[in-house]
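**Q**
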Amino acid sequence: MQRRHSQNRRWAATTIIAIAAVTALGGGHVKGSELRNTPEVKAIKRAAPSVVNIHGRKSIPGDASYGQTETFRQVNGMGTGVVIDGRGYIVTNYHVIEGVSRIQVTFEDDSTVTAELVANDPSTDLAVIKINVDREMPVIAFGTSDDLMVGEKVIALGNAYGYNHTATEGIISQLHRTVQVSDEQTYEDLIQTDASINPGNSGGPLLNIDGEMVGINVAVRVGAQGIGFAIPVNQALDIAARLMSIEKIENLAHGVGGKTTTTPAGVQFLVQVVEAGSPAQQSGLQAGDVITAARGLKIGRPLDFERALLGAHLGEEIELQVKRKQQEIPLNLVIDRTQPAVGATVALRSSSNSNNDTRGWDILGLRLEAIPQRQFQNYGARYRGGLKVVEVRAESPAFQQGIRSGDVLVGMHIWETVTADNVDYILDRPEFDRLQPIKFYILRGGETLYGHMRVASVPRR
Numbered sequence: 205m206q207r208r209h210s211q212n213r214r215w216a217a218t219t220i221i222a223i224a225a226v227t228a229l230g231g232g233h234v235k236g237s238e239l240r241n242t243p244e245v246k247a248i249k250r251a252a253p254s255v256v257n258i259h260g261r262k263s264i265p266g267d268a269s270y271g272q273t274e275t276f277r278q279v280n281g282m283g284t285g286v287v288i289d290g291r292g293y294i295v296t297n298y299h300v301i302e303g304v305s306r307i308q309v310t311f312e313d314d315s316t317v318t319a320e321l322v323a324n325d326p327s328t329d330l331a332v333i334k335i336n337v338d339r340e341m342p343v344i345a346f347g348t349s350d351d352l353m354v355g356e357k358v359i360a361l362g363n364a365y366g367y368n369h370t371a372t373e374g375i376i377s378q379l380h381r382t383v384q385v386s387d388e389q390t391y392e393d394l395i396q397t398d399a400s401i402n403p404g405n406s407g408g409p410l411l412n413i414d415g416e417m418v419g420i421n422v423a424v425r426v427g428a429q430g431i432g433f434a435i436p437v438n439q440a441l442d443i444a445a446r447l448m449s450i451e452k453i454e455n456l457a458h459g460v461g462g463k464t465t466t467t468p469a470g471v472q473f474l475v476q477v478v479e480a481g482s483p484a485q486q487s488g489l490q491a492g493d494v495i496t497a498a499r500g501l502k503i504g505r506p507l508d509f510e511r512a513l514l515g516a517h518l519g520e521e522i523e524l525q526v527k528r529k530q531q532e533i534p535l536n537l538v539i540d541r542t543q544p545a546v547g548a549t550v551a552l553r554s555s556s557n558s559n560n561d562t563r564g565w566d567i568l569g570l571r572l573e574a575i576p577q578r579q580f581q582n583y584g585a586r587y588r589g590g591l592k593v594v595e596v597r598a599e600s601p602a603f604q605q606g607i608r609s610g611d612v613l614v615g616m617h618i619w620e621t622v623t624a625d626n627v628d629y630i631l632d633r634p635e636f637d638r639l640q641p642i643k644f645y646i647l648r649g650g651e652t653l654y655g656h657m658r659v660a661s662v663p664r665r
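Taken in order, the sequence shown gives residues 205 to 665; the numbers are from our numbering.
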């Protein structure tokens with residue numbers, strides 16, 4: 205009898221535990237909701253207000269029969285963007301907005317506004333656009349891509365196939381991938397993930413389990429399943445900092461160059477370059493310094509620094525906090541105008557006239573000016589450099605092709621035009637006359653244009 209009572213007590217205790225468990229899961233709504241509110245759900249809720257859908261119509265090459273002029277057709281483009289500054293600055297992939305005449309941005313609440321292109325960098329397939337709204341936009345939380353782990357859980361958000369704010373989950377499959385998607389575009393140091401990334405996801409965030417952006421989704425392997433890629437966030441945001449710098453947007457200068465580094469304490473802005481004669485040099489800033497604050501705002505990466513300086517006016521004194529060899533140092537940086545580098549104007553030697561004339565002027569009808577490398581980076585182009593057109597001679601070959609002042613000559617035929625010597629080299633090529641009309645490439649308004657120029661027989665030097 206005693207054994208039976210003992211068994212009954214154990215049965216009763218087990219039944220009570222089971223009932224309590226069923227109540228907690230099925231009948232206790234509060235506890236049930238807590239179980240459903242997983243880290244993944246929290247991560248998506250945290251990031252979603254900062255993610256926008258991008259769409260618009262663009263022209264793409266159509267089919268043309270042999271001997272016919274190339275035709276174009278209109279298609280609906282789509283992609284995703286991420287708010288990186290509350291004033292409406294959004295980062296996305298360049299291929300998302302390339303060729304789109306009217307960029308439409310849709311928010312989580314389905315409201316839509318028009319955006320304008322700020323700058324782009326085709327070589328890394330990144331662009332910054334801006335919207336004008338009467339409210340502060342929620343900015344996505346930035347993570348770091350320096351401590352990512354293979355196998356770590358990640359979430360992709362985006363406008364997949366036009367399905368707004370789609371979320372997919374996976375892991376980091378591998379790091380530091382190099383992926384060539386075309387003859388013109390190669391991505392380096394990408395994050396590989398098996399989180400589903402589809403057309404329309406481009407430009408959207410890859411999140412860690414804390415809801416922080418650790419990458420920008422950029423490509424999917426055609427024909428493969430579970431193979432997608434993202435640009436590491438540290439690389440992407442350092443490029444975004446250059447694209448939305450005060451030098452680019454407001455024609456103001458500070459003369460600081462650097463990158464995001466990660467320490468056990470978090471990310472930091474490591475100064476690598478202080479331009480000679482710049483406000484940064486005059487302030488006492490040095491390469492190797494770490495900028496920790498500017499205008500009273502905490503700085504963790506170059507993007508934070510540029511965001512802090514946006515809106516500064518000419519001559520404004522910016523208070524900096526700098527860490528140098530574990531010592532905190534206050535500095536004052538005075539904002540100045542962007543100035544061309546000394547000796548930026550190049551005189552191309554003429555074979556028959558004075559040095560004031562140029563072969564480019566005599567033969568092509570172009571007066572060209574070299575562009576300092578740092579200044580050229582502001583064009584956001586994939587080229588190594590170019591020559592600015594400062595004057596076009598009336599009725600010249602360049603004039604007849606529609607080249608105008610302000611354009612940037614970046615190449616002719618298969619050769620780049622970074623320096624004056626490059627132009628001389630091209631004009632002196634023995635096959636130059638045979639190649640005519642020679643193809644040329646120029647940058648204008650963030651786009652690469654090309655044409656074919658026919659010139660008179662070139663005298664050899």
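Where a beta carbon is used, it is the ideal one built from N, C-alpha and C, also for glycine.
All of these numbers come straight from a predicted model, not from anything done at the bench.
When you compare each of Glu-479, Val-317, Val-358 to Met-341 by their alpha carbons, which one comes out closest?
**A** For the residues Glu-479, Val-317, Val-358, the minimum Cα distance to Met-341 belongs to Val-317.
**Q** I need the DSSP call for His-299, collapsed to helix, strand or coil.
**A** Here His-299 sits in helix by DSSP.
**Q** For Ile-495 and Val-471, I'd like the C-alpha separation in whole angstroms.
**A** So the alpha carbons of these two residues sit roughly 11 Å apart.
**Q** Alpha carbon to alpha carbon, how far is His-369 from Arg-425? Give it in angstroms, no decimals.
**A** Rounded to whole angstroms, Arg-425 to His-369 spans 21 Å at the Cα level.
**Q** Note down, in chain order, each residue of its chain lying with its Cβ closer than 6 Å to the Cβ of Gly-285, except the 5 sequence neighbours on either side.
**A** Once the five neighbours on either side are set aside, the close Cβ partners of Gly-285 are Val-256, Ile-258, Ile-294, Thr-296, Gly-407.
**Q** Taking the straight line between their C-alpha atoms, what separation do you get for Ala-551 and Ala-624?
**A** Note that Ala-551 has pLDDT 30, beneath the 50 cutoff, so the model's placement of it is unreliable and the number below is only indicative. Using only the alpha carbons, I get a separation of about 8 Å.
**Q** Sort Glu-392, Asp-393, Gln-396, Val-422 by Cα distance to Gly-404 and report the nearest one.
**A** Ranking Glu-392, Asp-393, Gln-396, Val-422 by Cα distance to Gly-404 puts Val-422 first.
**Q** May I ask you to report which of helix, strand or coil DSSP gives Gln-429?
**A** Three-state result, Gln-429: coil.
**Q** Under 9 Å between the Cβ atoms of Thr-322 and Met-448?
**A** First, the residue type needs correcting, since residue 322 is Val and not Thr in the sequence shown. Going by C-beta atoms, Val-322 is nearer than 9 Å to Met-448.
**Q** So who's on the other strand from Val-365, going by DSSP bridges?
**A** The amino acid at residue 365 is misidentified as Val; the sequence shows Tyr. DSSP lists no partner for Tyr-365.
**Q** Determine, using beta carbons only, whether Leu-518 and Arg-499 come nearer to each other than 9 Å.
**A** No, these two residues do not count as a Cβ contact at 9 Å.
**Q** Keeping to the same chain, check which residues put their C-beta closer than 6 Å to that of Lys-592; ignore five residues upstream and five downstream.
**A** Cβ within range, chain order: Glu-573, Ile-575, Val-612.
**Q** CA-CA distance, Asp-628 and Gly-649?
**A** Cα-Cα distance, rounded: 26 Å.
**Q** Opposite Trp-619 in the DSSP bridges: which residues?
**A** Answer is Met-616, bridged to Trp-619.
**Q** Suppose you measure from the CA of Ala-512 to the CA of Ile-450; what does that come to, to the nearest Å?
**A** Cα to Cα, Ala-512 sits roughly 10 Å from Ile-450.
**Q** Return the CA-CA distance between Asp-414 and Gly-347, expressed in angstroms with no decimal places.
**A** Approximately 9 Å between the Cα atoms of the pair.
**Q** Counting C-beta neighbours from all protein chains within 10 Å, is the total for Asp-537 16 or more, i.e. buried, or is it exposed?
**A** According to the sequence shown, residue 537 is Leu rather than Asp. When all chains shown are included, Leu-537 counts as buried.
**Q** Near Leu-456, which residues of its chain fall below 6 Å by C-beta distance, leaving aside the five closest residues on each side in sequence?
**A** Ile-450, Ile-539.
**Q** Are Leu-514 and Arg-291 touching if we call contact CB-CB under 9 Å?
**A** Yes, the pair counts as a contact, with Cβ atoms nearer than the cut-off.
**Q** I'd like to know whether the C-beta atoms of Ala-251 and Ala-364 end up nearer to each other than 9 Å.
**A** In this structure, Ala-364 does not lie closer than 9 Å to Ala-251 by Cβ.
**Q** Please return the same chain residues whose Cβ sits closer than 6 Å to the Cβ of Thr-397, not counting the five positions on each side in sequence.
**A** Excluding residues within five positions, the ones whose Cβ falls inside 6 Å are Val-358, Gly-374, Ile-376, Ser-377, Gly-432.
**Q** Could you name each continuous beta strand (DSSP E) segment of 3 residues or more that falls completely within the segment 437-504, going from the start of the chain to the end?
**A** Counting only runs of 3 or more, we get 460-467, 470-478, 494-498.
**Q** Going straight from the alpha carbon of Ser-327 to that of Arg-240, what length do you get?
**A** Those two C-alpha atoms are separated by around 42 Å.
**Q** By Cβ distance below 6 Å, which residues in the same chain neighbour Glu-520 in space, the five residues on each side in sequence not counted?
**A** Taken in chain order, the residues that qualify are Ile-539.
**Q** Determine the burial state of Leu-568: buried for a count of at least 16 other Cβ atoms within 10 Å of its Cβ, exposed for fewer.
**A** The residue in question, Leu-568, is buried, as its Cβ has 16 or more Cβ neighbours within 10 Å.
**Q** For Ser-400 and Ala-360, which I take to be in contact (beta-carbon distance under 8 Å), what is that distance rounded to the nearest angstrom?
**A** That pair is a contact at about 7 Å.
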